[in-house]
Each structure stands twice: as C-alpha cells, then as structure tokens.
Amino acid sequence: MSTDIYTVTQATTETRTHYIDFTNDLPDGVTVSSATASHTPPSGGTATTPTVGVIASNIVPVTLTTPTPAGQHILSVLATLSNGNTSAARLIVQVDWAAVRSGMADLILRLRGMTDAGVADYQVAGAYYWSDKHLQDILDANRAKVRLWAMDAIPAYGVGTVTYTEYLTGLADWENNPTIQDNTYGTVSSSGYTFDSITGAITFTADQAGSARYITGAIYDLPAAAAMVWRKKAAHYAGMYDISTDNHSLKRSQLVQHCLNMAAQYETQGGAGVIQLERGDNVTR
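Under the numbering used here, the final residue of the sequence shown carries the number 295; numbering is consecutive throughout.
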C-alpha cells in the first residue's frame with residue numbers, strides 16, 4: 011500500500027527537486043538502500059523520466075523537470091530497504107502554467123498566514139487550492155501601480171554632520187523588485203541599497219545628501235486580498251451540509267459563516283477605493 015503525499019506547487023517551466031522521507035515507514039534498524047521513480051502526467055500530458063538523487067537519512071530526492079500540462083502530476087517512488095523489502099509512496103504534484111514572480115514570495119507567504127491557505131485544502135476541476143499562482147492572481151486584483159513616487163529623505167544627525175541614507179515611501183506592502191531613480195532619473199543599482207517591502211523603507215549604503223529619489227513599482231492591499239480569499243473559501247464550503255446522528259452533530263455549514271466573518275473583518279482593514287460618479291440625466295445649461 012502506497013502513501014499519498016501532497017507537495018508544493020510546481021510550474022510547467024520549472025525544474026524542482028521533491029523530497030520523500032521514508033523514516034516513519036521503516037522498522038527499527040532498517041534503512042533505504044535505493045529507490046526508483048516514475049512520472050504519471052494528467053490526461054494529454056507526456057510522461058518524463060524523474061531523476062533520483064543521493065539518498066541521505068532515508069530521504070529520497072526526486073527531480074521533476076518542466077512537467078506539462080498544468081494539472082495533477084503523480085511521482086511514484088519505490089524504495090528498496092536494507093532488509094530486502096520495499097516501501098512505496100505517491101507524490102502528488104499540482105502543476106500550474108507559470109511560476110509566480112520572484113518579488114511576490116513574501117506577499118504570498120503573508121497572505122497564506124492571513125487566510126490559513128494551504129497548498130491542497132481542496133480540489134476544483136483537478137486543481138488544488140491554494141497554489142502560489144492562485145494567491146498571486148488575487149493579489150494582482152488588489153494591486154496599485156506606483157510611478158516616480160518621490161520619497162522622503164530622513165536625516166541622521168551626528169556630531170557636526172548630517173547624513174541621508176534612509177528614505178521612506180510612506181506606502182506599505184510592495185512587490186519586492188522596485189526601480190529606484192535619482193534626481194536625474196537615472197536608475198540606481200540595487201546593490202547600492204536595501205529595500206523593506208513591508209514598510210516601503212529604503213536604506214542606501216552611501217549618503218545621498220538629501221537629494222531627490224524616486225520609486226516605481228507596485229503596492230498591494232493585503233487585507234482586501236485576504237477578504238477575497240475568505241469569500242472564495244465560503245463559496246467552496248457552501249456546498250457542504252450538516253450531519254447529525256445519535257448524540258453527535260457536525261455543523262459543516264458553520265464553515266461558511268466563519269469564512270464570511272473573516273472576510274468582513276479584513277474588509278474593514280482594506281484601503282480606500284476611488285470611483286468615478288457620472289450623472290445619468292444628461293443635464294445641460
């Protein structure tokens with residue numbers, strides 16, 4: 011009997027090594043001697059040949075290279091043990107069409123924490139929720155682009171000196187790859203500063219003498235994104251029903267209300283929105 015293991019999402023353009031730990035399946039004194047792996051793609055896909063790496067501490071590394079198409083891929087791993095027996099595991103890999111942008115990693119991690127979103131909470135049409143791509147799409151729906159935003163130079167006073175290495179944007183929750191420009195609109199090398207994407211603060215390695223500095227990038231309304239995730243969860247759980255037996259009751263419908271409560275909580279924390287109002291009576295003078 012094989013063990014099913016759900017792993018992190020992989021992109022179709024990505025080569026990733028997955029690790030299968032057989033330790034808990036082994037009798038005392040028995041180790042993993044060798045292993046083989048095979049790949050089963052979803053319907054319409056082409057099987058690849060996974061690579062088994064060096065086994066250490068009964069952990070088998072298996073590398074899956076650029077799997078296609080998107081959907082649920084299976085890595086079947088058969089470990090041969092030192093006592094001659096075998097142990098099988100099935101690694102279930104959810105594959106998305108594209109990898110998320112590198113600057114989104116911190117935002118996605120924080121959004122997972124705000125929404126209790128795992129990588130295989132439930133399945134819809136063969137796709138496991140919530141992949142990094144699912145969360146990036148929701149974050150992108152709550153994104154605002156910032157262009158040539160003038161930053162505030164913060165003076166640091168010493169004995170007879172004033173230096174300017176810290177600049178503040180006054181905006182939070184940035185995608186972690188902004189463009190910084192100087193007072194001539196030339197691009198500043200990223201090696202010359204560190205950027206705090208949560209607070210929007212920039213610390214330069216050299217004194218900027220208080221000169222103008224500008225930032226271009228994207229900021230995100232994390233509470234609004236979290237509210238959207240909770241409402242999507244509520245939509246999924248809406249199909250569940252309560253079960254009651256003798257002296258026992260499971261009220262699954264409570265999940266919907268819990269999700270809606272969390273959505274409402276985050277919606278109170280979201281940023282302000284702007285809309286355009288137009289008169290419909292076509293008044294002329």
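We treat Cβ as the ideally placed atom computed from N, Cα and C, and that holds for glycine.
Here the structure is a predicted model, which is why all the values come from computation and not from measurement.
>> Please give the ranges of any beta strand (DSSP E) in the region 118-150, keeping only runs that are unbroken, at least 3 residues long and fully inside the region.
In response: 132-134, 137-139
> Just how far apart, CA to CA, sit SER97 and ARG241?
Replying inline: 41 Å
> If you draw a straight line from the C-alpha of HIS83 to the C-alpha of ILE102, how long is it?
Replying inline: 6 Å
> So what does DSSP say about THR278, is it helix, strand or coil?
Replying inline: coil
>> According to DSSP, is LEU158 part of a helix, a strand, or is it coil?
In response: strand
> With 16 other CB atoms within 10 Å as the buried threshold, where does VAL172 fall?
Replying inline: exposed
> Near ALA235, which residues of its chain fall below 7 Å by C-beta distance, leaving aside the five closest residues on each side in sequence?
Replying inline: LEU121, ILE148, LEU149, ASN152
> Does the beta-carbon of ASP231 have 16 or more other beta-carbons within 10 angstroms, so that it is buried, or is it exposed?
Replying inline: buried
>> Does ALA182 come out as helix, strand or coil in the three-state DSSP assignment?
In response: coil
>> Here's the rule I'm using: 16 or more other beta-carbon atoms within 10 Å means buried, otherwise exposed. How should ASN68 be labelled?
In response: buried
> How big is the Cα-Cα spacing for THR278 and ALA237?
Replying inline: 9 Å
> Based on the DSSP output, what are the partners of GLY94 in its beta bridges?
Replying inline: Its beta-bridge partners do not exist; DSSP assigns none.
> What residue does the alpha helix (DSSP H) around TYR247 start on, and which one ends it?
Replying inline: 232-247
> Along the chain, where does the beta strand (DSSP E) that runs through ALA47 open and close?
Replying inline: 42-50
> Are the Cβ atoms of THR75 and THR58 separated by less than 9 Å?
Replying inline: yes
>> Let's see if you can read the secondary structure: which residues bound the beta strand (DSSP E) around ASP206?
In response: 203-206
>> Using CA atoms only, rank isn't needed, just tell me which of ASP162, ALA127, SER44, ASP291 is closest to GLY210.
In response: ASP162
> What do you reckon, are the CB atoms on GLU185 and MET124 nearer than 9 Å?
Replying inline: no
> Where DSSP assigns a beta bridge to GLY220, which residues make up the other side?
Replying inline: In the DSSP output, where bridge partners are listed per residue, GLY220 has none listed.
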